[in-house]
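Visitor: Mapping to our numbering: the sequence shown position 12 is 12, numbers consecutive. Glycine included, each C-beta is placed from N, C-alpha and C at the ideal position. Before anything else, here's the structure in question.
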Amino acid sequence: MRAAGPLPLVPRPLPGEAVLSWVGRIGARYSLEASALIAWLRRGHGVHASRIAALDWRADAELDHLLAGAARLEVGAVRALRPVAAVAEIALWRRARPAWCAGCVRDDVGRQGECYGRVAWRLGGWVACPIHDVLLAEACPRCPHGRCGFRPMAGRQRLICDACGAPLDQPSGAYRGPKPGPKARS
Ligand SMILES: [Zn+2]
Ligand SMILES: [Zn+2]
């Protein structure tokens, strides 16, 4: 199978970015989710969702080369985005669902109009952001049981609640992180 050629518009990986976040940001330029982007690069031949989900953790010779070729990068640049096995073991477990620092994603959008997922946020042992000193969030403040994720929106990647559609990364939005606990009565 011959892969599609290099893409005209590809954002470079950002510091600490996870593979799937980077793929998501490439796809967002073309209004495609990661799975649809990969299918398009493979000329209409999609791959199983489990293979895409594993991209953050495991080398995938074919897909790594496909993405590197589309981005005009060395394949080593794609592989460098994965946590080394030793770090993954120390962190004990891998998160199945996205987690994020509300401060980081707001800063991202304020700075570059989109946000990105850090590879550290994928590790279960990483529970707080050392920059903002807050616990990582895993849910929309309005829809605690809904799914959230990094999605394409207007050509950029944003963090969206699938249940209510709210972007959770608005720099000046209503969401300012978890609500403070009830104050003690004096
Ligand atoms: Zn942060
Ligand atoms: Zn919501």
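Which value, in whole angstroms, describes the spacing of the CA atoms of His145 and Glu74?
Guide: Approximately 40 Å between the Cα atoms of the pair.
Visitor: Measure the alpha-carbon distance for Gly69 versus Ala120 and round it to whole angstroms.
Guide: If I take the Cα positions, the gap works out to 26 Å.
Visitor: Who are the Cβ neighbours of Val19 in its own chain at under 6 Å, not counting the five residues just before and after it?
Guide: So the qualifying residues of the chain are Leu55, Asp56, Leu81.
Visitor: First and last residue of the alpha helix (DSSP H) that includes Arg29?
Guide: It spans 19-29 - the alpha helix (DSSP H) in which Arg29 sits, taken as one unbroken run.
Visitor: In this structure, how does DSSP classify Trp121 when only helix, strand and coil are distinguished?
Guide: If DSSP states are grouped into helix, strand and coil, Trp121 belongs with the helices.
Visitor: Using the three-state DSSP reduction, which class does Gln170 fall into: helix, strand or coil?
Guide: In this structure, Gln170 counts as coil in the three-state DSSP scheme.
Visitor: Report yes or no: is there a C-beta of chain D within less than 8 Å of the C-beta of Arg95?
Guide: Absent from the structure: chain D. Only one protein chain is present.
Visitor: Quick one: grab the DSSP three-state call for Ile160.
Guide: Three-state result, Ile160: strand.
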